[in-house]
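Colleague:
Number of protein chains: 2
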Amino acid sequence: MVSMKDIAKECGVSVAAVSKALSGQPDISEATRNKVKAAAEKLGYQPNSAAKVLRTHRSHNIGVLYVDEAHNGLTNEFFALLLNSFKRVADSRGYDITFINKGLSDGNPGSMSYLSHARYRSFDGVLMACVDFTNPEVRELALSDIPVVTIDYSYENRMSVCSDNSLGIRELVVYCAKMGHRKIAYVHDNNGTQVSEERLSSFKETMSGLGLALPDEYLPEAQYRRTEGAKKATEMLLSLKDRPTCILYPDDFSTLGGIAAIRSAGLDIPGDISVVGYDGIRVGRHLTPSLTTLRQPTELIGETAAQKLISLIENPAETRIEKTVIKGRVYEGESVSKIG
Amino acid sequence: MVSMKDIAKECGVSVAAVSKALSGQPDISEATRNKVKAAAEKLGYQPNSAAKVLRTHRSHNIGVLYVDEAHNGLTNEFFALLLNSFKRVADSRGYDITFINKGLSDGNPGSMSYLSHARYRSFDGVLMACVDFTNPEVRELALSDIPVVTIDYSYENRMSVCSDNSLGIRELVVYCAKMGHRKIAYVHDNNGTQVSEERLSSFKETMSGLGLALPDEYLPEAQYRRTEGAKKATEMLLSLKDRPTCILYPDDFSTLGGIAAIRSAGLDIPGDISVVGYDGIRVGRHLTPSLTTLRQPTELIGETAAQKLISLIENPAETRIEKTVIKGRVYEGESVSKIG
DNA sequence: TATTTTTACTTAAACCTTTAAGTAAAGAAA
DNA sequence: TTTCTTTACTTAAAGGTTTAAGTAAAAATA
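Chains A and B, in that order, are what the protein sequence lines are. Residue numbers in the first sequence follow the numbering used here, run continuously in steps of one, and reach 650 at the last position. Residue numbers in the second sequence follow the numbering used here, run continuously in steps of one, and reach 650 at the last position.
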């Protein structure tokens, strides 16, 4: 590996001069700077991030924490798109992205805490998404002195970027009501997260605001992104004697389970039952009928998170800690019928 | 930051003794080792990877190169699943994962080569997937002295893990033929990659091996993962006077475009036209009809790649460079009808 | 011309860890 | 008892970079 030392020798200057020349410091003559740059080029010099990090305590590396719950973390399209746009901004600002995990200390995998891992790698900042934010280790990291941005969850006094779940559900319900539906069910995940709670209370409020009846049976539970649960919840709804005409699901993927259940029962979508998803995954647009859903501006969420985090890293003093709320939009597919 | 120096002071031993005690070296008494460990715990010691990397030239960090072509890299379910299982193995072996990009030198984003970036971060090894393997910079990285594993492409004398594309296509065609189809079309991406070429020639061979006619019009082109192209190709196929009864698509996602086109034409799947995908993405199983496809053992590919790469990193001498071929399996969905 | 300021460097230390080589003391072998 | 070996350390250097502080020469000012 050719280092600054080799360039220094080649040019007959000190290592310090080489460092300054390459990093654009002012107190180096143009002549020397050019000589150094030429030598660096000629010798095939590659900077060494480890040395840089060691000396400066800045890694230009951002840790990303997400949990590979049920082995499908990355295959969650919401997270994948988010990470993609986050990465694009990070790349352009000179930051790399490394996944945070439970490390390996003394050869025992998983023995490090998330915070330890973040410190071990000297991450300049951390993105947290799709994790159990109530987990003590997750909290520890979020509340540490490392700059952090959380997605869809807000800690006291930390930066967060959240989608407007209340508004999203409200708009979906209003849309369905506008299409003439009065019996609207909501299959929801009662996992205790802010997201779930916001959505559920928004659903209830909107329904009552519209003067629509909401029997308890219209609120079955099912986990996010699980077709099986959605299928069961749907079967239950279909068996009601006063069955709903329209069903909202917690996300697009589980909606597929609902669709399968409805079709198994020999019913037509949207002729007999209308369905509504949440998220706006791409396949939804290519289904027949195409899926009516709340399309989350995932790219925008990722970009915003990256900008906020980098701003927090580079200008902690000037950056206001805030919760940024980003609105989605109803995508009017073909899965909700006009009735009444 | 508390370092070994602090522990050394606390325990009244040298920094070297601390290092040895913590890393399990033999020439340290049990008494000292325990004292050091206790002090480390008490002071909240965190090791520093930068210093370790600088000294040892081992980062325990693996670079992953994939190209965010059309901004959807990670949302490619094949890659996401692959990366997920790769990461799981890497995590358990104590390796982190960092994305490779074009870095930022002199403040110009994208100015570093992939290889420079890999050296800059001292990656112990590199995984390459979903990239243009003919790109000179990609080649440069693959053919460097850094241990590398490529997915679905083989360089001379480099480790690779590939899915068995020839077999995959053959099995699909044989399955369709067994279901009674004789007029089988193949919408394919003619992008010049090994994958595409293997598949196309396997298709041609299998068809001729089965004695099935293959007019040129049965081989329209369309890009991977683009519904639009698949739609156009399908419309063309439907307009033929001797139209196929079964259409193979390059991947599941583009199959959705084909399905939409077939339904737009008022035709039933699989009653009028049968369709077949490739990959085995999860939504395919939840469509109606569920999608017949070649399910790639993506998890296995990712795990294998991780094992091979780590083996290459840790035991370069004992590790044989090889191309590992992994077979997929036909998933018999409902999108191919039995005819004849 | 003498003094001050600026320019363009150099020196040296620091960041934290690992490791080869050295050493003093204790234990074993002769 | 003397010599050799082992144990349990310590010393010191190295890895590549940045940066505060120092310095000699040149340029500007008085």
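A virtual CB, placed ideally from N, CA and C, is assigned to each residue, including glycine.
Could you tell me which of A:R605, A:D578, A:G590, A:G612 sits nearest to S647 (chain A), measuring between CA atoms?
Modeller: In the first sequence, the residue the question calls residue 647 (chain A) occupies position 337. It is A:D578 whose Cα lies nearest to the Cα of S647 (chain A).
Colleague: Assuming L393 (chain B) and L384 (chain A) are in contact, meaning their beta carbons sit under 8 Å apart, how far apart are those beta carbons, in whole angstroms?
Modeller: Locating residue 393 (chain B) in the second sequence gives position 83, where the first residue counts as 1. Locating residue 384 (chain A) in the first sequence gives position 74, where the first residue counts as 1. Contact flag correct, Cβ pair sits at about 6 Å.
Colleague: Helix, strand or coil for N344 (chain B), going by three-state DSSP, please let me know.
Modeller: In the second sequence, the residue the question calls residue 344 (chain B) occupies position 34. Here N344 (chain B) sits in helix by DSSP.
Colleague: With 9 Å as the C-beta to C-beta threshold (strictly closer), list the residues of the region 345-371 of chain A near chain B in chain order.
Modeller: Flagged, chain order: Q356, P357, N358, S359, A360, A361, K362, V363, L364, R365, H367, S369, H370, N371.
Colleague: Among B:K493, B:A327, B:V471, whose alpha-carbon lies nearest the alpha-carbon of L522 (chain B)?
Modeller: Taking the second sequence and counting its residues from 1, the one referred to as residue 522 (chain B) is at position 212. Ranking B:K493, B:A327, B:V471 by Cα distance to L522 (chain B) puts B:K493 first.
Colleague: Using the beta-carbon of each residue, which ones in chain A are nearer than 9 Å to T605 (chain B)?
Modeller: Here residue 605 (chain B) corresponds to residue number 295 of the second sequence, with the count starting at 1. Thr is not the amino acid found at residue 605 (chain B); the sequence shown has Arg there. Residues of chain A passing the Cβ test: none, with the nearest at roughly 14 Å.
Colleague: Considering only DSSP beta bridges, list what E461 (chain B) is partnered with.
Modeller: The residue you call residue 461 (chain B) lines up with position 151 of the second sequence. Checking the sequence, you will find Ile at residue 461 (chain B) rather than Glu. Answer is B:V471.
Colleague: What residues in its chain sit with their C-beta under 8 Å from that of D552 (chain A), if we drop five residues either side in the sequence?
Modeller: Walking along the first sequence from the start, residue 552 (chain A) turns up at place 242. These residues qualify, in order along the chain: K493, P525.
Colleague: Going by beta-carbon coordinates alone, are D401 (chain A) and N371 (chain A) separated by less than 8 Å?
Modeller: Residue mapping note: residue 401 (chain A) aligns to position 91 of the first sequence, counting from 1. Residue mapping note: residue 371 (chain A) aligns to position 61 of the first sequence, counting from 1. No, Cβ-Cβ distance for D401 (chain A) and N371 (chain A) is not below 8 Å.
Colleague: Name the DSSP beta bridge partners of G435 (chain B), please?
Modeller: On the second sequence, residue 435 (chain B) is found 125 positions in, with the first residue counted as 1. According to DSSP, which records beta bridges pairwise, G435 (chain B) is partnered with B:I372.
Colleague: Could you tell me whether the Cβ of R431 (chain B) comes closer than 8 Å to any Cβ of chain A?
Modeller: Within the second sequence, residue 431 (chain B) is the residue found at index 121, counting from 1. With 8 Å as the cut-off, R431 (chain B) counts as an interface residue toward chain A.
Colleague: Would you list the residues sitting across from H498 (chain B) in a DSSP beta bridge?
Modeller: Numbered from 1 along the second sequence, position 188 holds the residue referred to as residue 498 (chain B). DSSP lists B:E531 as partners of H498 (chain B).
Colleague: Whole alpha helix (DSSP H) runs in the region 550-606 of chain B with 4 or more residues, listed along the chain?
Modeller: The qualifying runs are 562-574.
Colleague: Check whether chain A comes within 8 Å of A570 (chain B), counting only Cβ atoms and requiring the distance to be less than that.
Modeller: Counting from 1 along the second sequence, the entry for residue 570 (chain B) is found at position 260. So yes, A570 (chain B) belongs to the interface.
Colleague: By how many angstroms is the C-alpha of D589 (chain A) removed from the C-alpha of Q335 (chain A)?
Modeller: Locating residue 335 (chain A) in the first sequence gives position 25, where the first residue counts as 1. Locating residue 589 (chain A) in the first sequence gives position 279, where the first residue counts as 1. Computed Cα separation, rounded: 48 Å.
Colleague: List, in order along the chain, the chain B residues whose C-beta lies closer than 7 Å to that of L393 (chain A)?
Modeller: Taking the first sequence and counting its residues from 1, the one referred to as residue 393 (chain A) is at position 83. By Cβ distance, chain B contributes L384.
Colleague: Identify the continuous beta strand (DSSP E) that holds Y405 (chain B) and give its terminal residues.
Modeller: Within the second sequence, residue 405 (chain B) is the residue found at index 95, counting from 1. Neither: Y405 (chain B) is in no beta strand (DSSP E) and is coded neither H nor E.
Colleague: Looking at the secondary structure, which residues open and close the alpha helix (DSSP H) in which V363 (chain B) lies?
Modeller: Position 53 of the second sequence holds residue 363 (chain B). Residues 359-366.
Colleague: For Y355 (chain B), does the three-state DSSP call read helix, strand or coil?
Modeller: Counted from its first residue, the second sequence places residue 355 (chain B) at position 45. In this structure, Y355 (chain B) counts as coil in the three-state DSSP scheme.
Colleague: When you compare the region 539-553 of chain B with the region 563-581 of chain B, are there three or more beta-carbon pairs, one atom per stretch, that lie closer than 8 Å?
Modeller: Touching, per the Cβ criterion.
Colleague: Could you compute how far the alpha carbon of I636 (chain B) sits from the alpha carbon of E507 (chain B)?
Modeller: Working through the second sequence from its first residue, we reach residue 636 (chain B) at position 326. Working through the second sequence from its first residue, we reach residue 507 (chain B) at position 197. Taking the straight line joining both Cα atoms gives about 17 Å.
Colleague: Assign T629 (chain B) to one of three DSSP states: helix, strand, or coil.
Modeller: Translated into the one-based positions of the second sequence, residue 629 (chain B) becomes position 319. Residue state, collapsed to three classes: coil.
Colleague: Take the Cβ of S359 (chain B) as the centre, count every other Cβ of all protein chains shown within 10 Å, and call the residue buried at 16 or more, exposed below.
Modeller: As a working mapping, residue 359 (chain B) is identified with position 49 in the second sequence. It is buried - the Cβ of S359 (chain B) has at least 16 other Cβ atoms within 10 Å.
Colleague: In whole angstroms, give me the CA-to-CA distance for S454 (chain B) and E613 (chain B).
Modeller: Residue mapping note: residue 454 (chain B) aligns to position 144 of the second sequence, counting from 1. Residue mapping note: residue 613 (chain B) aligns to position 303 of the second sequence, counting from 1. So the alpha carbons of these two residues sit roughly 23 Å apart.
Colleague: Checking 8 Å against the spacing of the C-beta atoms, do L558 (chain B) and Y496 (chain B) come in under that value?
Modeller: The residue labelled residue 558 (chain B) in the question sits at position 248 within the second sequence. The residue labelled residue 496 (chain B) in the question sits at position 186 within the second sequence. A contact, by the Cβ cut-off of 8 Å.
Colleague: Show which residues of chain A have a CB atom less than 7 Å away from the CB atom of K618 (chain B).
Modeller: On the second sequence, position 308 is the one that residue 618 (chain B) refers to. By Cβ distance, chain A contributes nothing, its closest Cβ being about 19 Å from K618 (chain B), past 7 Å.
Colleague: Could you check the C-alpha separation between V323 (chain A) and S329 (chain A) for me, to the nearest Å?
Modeller: For this step, residue 323 (chain A) is matched to residue 13 along the first sequence. For this step, residue 329 (chain A) is matched to residue 19 along the first sequence. Each residue's alpha carbon lies about 11 Å from the other.
Colleague: Using only alpha-carbon positions, find the residue among B:A327, B:S432, B:K319 that is nearest to K362 (chain B).
Modeller: Within the second sequence, numbered from 1, the residue matching residue 362 (chain B) stands at position 52. That would be B:S432, whose Cα lies nearest to the Cα of K362 (chain B).
Colleague: Which residues share a DSSP beta bridge with V635 (chain B)?
Modeller: The sequence position of residue 635 (chain B) within the second sequence is 325, counting from 1. DSSP lists B:C472 as partners of V635 (chain B).
Colleague: Using a cut-off of 8 Å between C-beta atoms, extract the partners of D442 (chain A) located in chain B.
Modeller: Reading the first sequence from its first residue, position 132 is the one you call residue 442 (chain A). The premise fails here: D442 (chain A) is roughly 18 Å from chain B at the closest Cβ pair, so nothing lies under 8 Å.
Colleague: Could you check the C-alpha separation between T629 (chain A) and V471 (chain A) for me, to the nearest Å?
Modeller: Position 319 of the first sequence, counted from the start, is the residue given in the question as residue 629 (chain A). Position 161 of the first sequence, counted from the start, is the residue given in the question as residue 471 (chain A). Roughly 15 Å separates the two Cα atoms.
Colleague: Helix or strand or just coil, what does DSSP make of V640 (chain A)?
Modeller: Your numbering for residue 640 (chain A) matches position 330 in the first sequence. V640 (chain A) falls in the strand class under three-state DSSP.
Colleague: Do V585 (chain B) and I569 (chain B) count as a contact pair if the criterion is CB distance below 8 Å?
Modeller: Residue numbering aside, residue 569 (chain B) sits at position 259 when the second sequence is read from its first letter. Residue numbering aside, residue 585 (chain B) sits at position 275 when the second sequence is read from its first letter. Contact: yes.
Colleague: Counting only the same chain and skipping the five closest in sequence on each side, list residues whose C-beta sits under 6 Å from that of H427 (chain B).
Modeller: In the second sequence, residue 427 (chain B) corresponds to position 117, counting from 1. Hits under 6 Å: I410, G413.
Colleague: Taking all protein chains shown into account, do 16 or more other C-beta atoms lie within 10 angstroms of the C-beta of A616 (chain A), making it buried, or fewer, making it exposed?
Modeller: On the first sequence, residue 616 (chain A) is found 306 positions in, with the first residue counted as 1. Flag for A616 (chain A) reads buried.
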